[in-house]
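Visitor: Under our numbering, residues -5 to 581 are what the first sequence spells out, in order.
Beta carbons: idealized from backbone N, C-alpha and C, even for Gly.
Structure below; questions to follow.
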Amino acid sequence: MNFFSYLADVVNKELEQLSASGGLPEGLDLKNVSVEPPRDSSHGDVATNAAMVLAKQARMKPRDIADALAARLEDNADIETIEVAGPGFINMRLSPSFWHARLAEVLAGGAGYGTSDVGKGEKVNVEYVSANPTGPMHVGHARGAVVGDALARLLGKAGFDVTREYYINDAGSQIDVLAKSLHLRYREALGEDIGEIPEGLYPGDYLIPVGQKLAETMGDKWREAPESDWLEEFQVIAIDAMMEMIRTDLAALGIVFNVFSSERDLVKAGEVEKAIAQLDSLGLIYEGRLDPPKGKLPDDWEDREQTLFKSSEFGDDTDRPIKKFDGSWTYFASDISYHRNKFERGFKTQIDVWGADHGGYVKRMKAAVQAISGGEAALDVKLCNLVKLLRDGEQVKMSKRSGSFVTLREVVDEVGRDVVRFIMLTRRNDAPLDFDFNQVTEQSRDNPVFYVQYAHARTRSVLRNAAETIGSDVLGDISYPELAKTDCSGLTDPDELALIRLMASWPRTVETAAAAHEPHRIAFYLHEVASAFHSLWNKGKDDVSLRFIFEDDISLTRARLALIGGAASVIAGALDVMGVEALEELR
RNA sequence: GGUCCCGUAGCUCAGUUGGAUAGAGCGCAAGAUUCCUAAUCUUGAGGCCAGAGGUUCAAAUCCUCUCGGGAUCACCA
């Protein structure tokens, strides 16, 4: 249960009763009344702004409303103390028994705790990675991959029906380049000395094995043939090989898609024509001229008539071309048809995860989604900023031209998938991110992955240790469902209750992070839980009564183990939303 | 020049879609190991939330302008 929602219901009911009994006017609009954590935990566990929000409508002083409401809430058994503070906040501290009940929920819920139905099964499409199939994935792709995957998991946890989708950009001119590069490697495999890879072709050696295989299976059939004979076939072969490589790399990161959509297939099926025809029927397509960009004029600027989409009618800065000079569709045109295709498959909420360098593309794409859906669908674009790789304090230089970029695979092989995934979520998606090889493999609190994993390993260590030192025949069953039934009235220390309050905040964290489409919040939440747990652990060093295991007090030990088990369960559950496995021990 | 993102402690960043005295880590200063992993914890100093207006009970958050950093700017994807 989201205890904030629960208390919001309680507050709303009391407000209605106040209205009914004449303490407040009737017919008040309660929609802005909220029950939230206070900024400063010394103010209490939850706070409501009801008195301030209603003051104007009710034509009463906030303090008067607050006093009346507080007087009613005071009788509620879940509320231990209540006070009116500041301009009219009502601060509530909840009773220990309320928190004990939440702990039981955490344990009984296990991995499913925090799962919400706010999504109401609504279909959401998350499109991410969508790297061009022209080479291996590099670390920049890794960030988009992790953000998209974690967002998909988060939305699923919040009750949405999520589809993870990869859009294969396999129709543009870079595919011609890919096919030509492959032909060169094919000739090389047949024994030809190809020398330096010419400028404009892909120099990486990942096409070498593909060329070799071609030479084996096809012999020299295409060696001297004109380009027009082999281009199409080489394109298909190259795309398949690259996508296979990309899938493998993504799998190494633990990322799997439900749907791969091919731009090439869309174009071949005439989907672009359909989409453009629809826009045309709405009067949104016309022939016209664009103003050149202000400021510096591009060298090759040519003022000419083009086929344009009226994206400016939907908030874009200017209208956008949908055909190239040679009459073929622009990338934008096929992207319109792709998003239309997603809408026709029932996705009214679409999320795209892009690199920050595509920021200038957001407005037109949102405009297009609005236009093709008649305003029924909405697109949210998450832009992922750059990842800066650091090693020994030095930036690892990446140059695509020389082919010396660091691949996703290399990073995953070096530090592990869980580390990559976690670190990629330690910043907001639109903030630049430093990925420091030294830091992320370090076993210290500088390393957030370690800090959180260590907390989990410690919880598991205590549970193992309890069973060993006391013996399970005396201690009893300490599985989470059994611990859920434990009498926890012995848990009264403020830090213990604070830890439970954090655990109990997990459902709300899921809901708010999902609503905001911000998976990084899970990483910050985890850091908080880990910190609260480490803190409690160390408190037991000074205060023996706060230790977890007492051989002569099984009842208290079980209560403490319930606390520990709850922490373990919530940490593991939150890590799972990030796609990270919780570790049992760190040795 | 247009557009978008960013500007919060010395550094790296959070800030729960408008809430109270703005938080955390690193670094700095001082401390804590008879126990289950000190691989951790506790305390302290450190701020004109880039700046100026506006909106309202309430602004780091929303609006306008200025300054500074980044991305991008027809016919690439």
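When DSSP builds the beta bridges, which residues end up paired with Ile73?
Guide: Leu88.
Visitor: Tell me the rounded alpha-carbon separation between Ile494 and Asp467.
Guide: 28 Å
Visitor: Given that a residue counts as buried once 16 or more other Cβ atoms are within 10 Å of its Cβ, and exposed if not, what is Leu9?
Guide: buried
Visitor: Using beta-carbon positions only, say whether Phe326 and Arg298 come within less than 9 Å of one another.
Guide: no
Visitor: Does the distance from the CB of Leu67 to the CB of Val27 come in under 9 Å?
Guide: no
Visitor: Helix, strand or coil, according to DSSP, for Gly560 in the structure here?
Guide: When secondary structure is reduced to three states using DSSP, Gly560 falls in the helix class.
Visitor: In this structure, how does DSSP classify Ala508 when only helix, strand and coil are distinguished?
Guide: helix
Visitor: If you compare alpha carbons, which of Lys268, Arg57 and Lys117 is closest to Arg334?
Guide: Of the candidates Lys268, Arg57 and Lys117, the one whose C-alpha sits nearest the C-alpha of Arg334 is Lys268.
Visitor: With DSSP collapsed to three states, give me the class of Asp346.
Guide: strand
Visitor: Would you kindly check if the distance between the Cβ of Asp346 and the Cβ of Leu373 is under 9 Å?
Guide: yes
Visitor: Under a three-way DSSP split, which group does Val406 fall into?
Guide: In this structure, Val406 counts as helix in the three-state DSSP scheme.
Visitor: Quick check on DSSP: helix, strand or coil for Arg137?
Guide: Per DSSP, reduced to three states, the secondary structure at Arg137 is helical.
Visitor: What does the Cβ neighbour count give for Ala79, buried or exposed, with the cut at 16 atoms within 10 Å?
Guide: Looking at its Cβ environment, which holds fewer than 16 other Cβ atoms inside 10 Å, Ala79 is exposed.
Visitor: Return the first residue and the last residue of the beta strand (DSSP E) that Lys117 is part of.
Guide: In the DSSP assignment, Lys117 falls within the unbroken beta strand (DSSP E) covering Lys117 to Glu121.
Visitor: Please classify Gln587 as buried or exposed, where buried requires at least 16 neighbouring CB atoms within 10 angstroms.
Guide: In the structure as shown, the chain starts at -5 and stops at 581, and residue 587 therefore has no counterpart that could be examined.
Visitor: Spell out a yes or no on whether the region 146 to 164 and the region 107 to 123 are touching, meaning 3 or more CB-CB pairs, one atom from each, closer than 8 Å.
Guide: yes
Visitor: Does the separation of the CB atoms of Leu1 and Asp69 fall below 9 Å?
Guide: It is not a contact, given that the beta carbons lie outside the stated cut-off.
Visitor: What would DSSP say about Ile188, mapped onto helix, strand or coil?
Guide: coil
Visitor: Three-state secondary structure (DSSP) at Phe518?
Guide: helix
Visitor: Whose CA, out of Val456, Lys304 and Trp216, lies closest to the CA of Ser275?
Guide: Lys304
Visitor: Asp412: which of Leu569, Gly129 and Tyr196 sits nearest, CA to CA?
Guide: Leu569
Visitor: Could you tell me which of Leu184, Gly142 and Glu221 sits nearest to Leu172, measuring between CA atoms?
Guide: Glu221
Visitor: Could you tell me which of Ala235, Asp214 and Glu226 sits nearest to Ile202, measuring between CA atoms?
Guide: Ala235
Visitor: Along the chain, where does the beta strand (DSSP E) that runs through Gln437 open and close?
Guide: Here Gln437 belongs to no beta strand (DSSP E), and DSSP marks it neither H nor E.
Visitor: According to DSSP, is Leu401 part of a helix, a strand, or is it coil?
Guide: In the sequence under discussion, the amino acid at residue 401 is Thr, which differs from the Leu named in the question. In this structure, Thr401 counts as strand in the three-state DSSP scheme.
Visitor: First and last residue of the alpha helix (DSSP H) that includes Phe337?
Guide: Tyr325 to Glu338
Visitor: How long is the line joining the alpha carbons of Lys262 and Tyr332, rounded to whole angstroms?
Guide: 13 Å
Visitor: Could you have a look at Arg158 and say whether DSSP puts it in helix, strand or coil?
Guide: strand
Visitor: Please determine, among Arg554, Leu101, Arg33 and Leu469, the residue with the shortest C-alpha to C-alpha distance to Gly484.
Guide: Arg554
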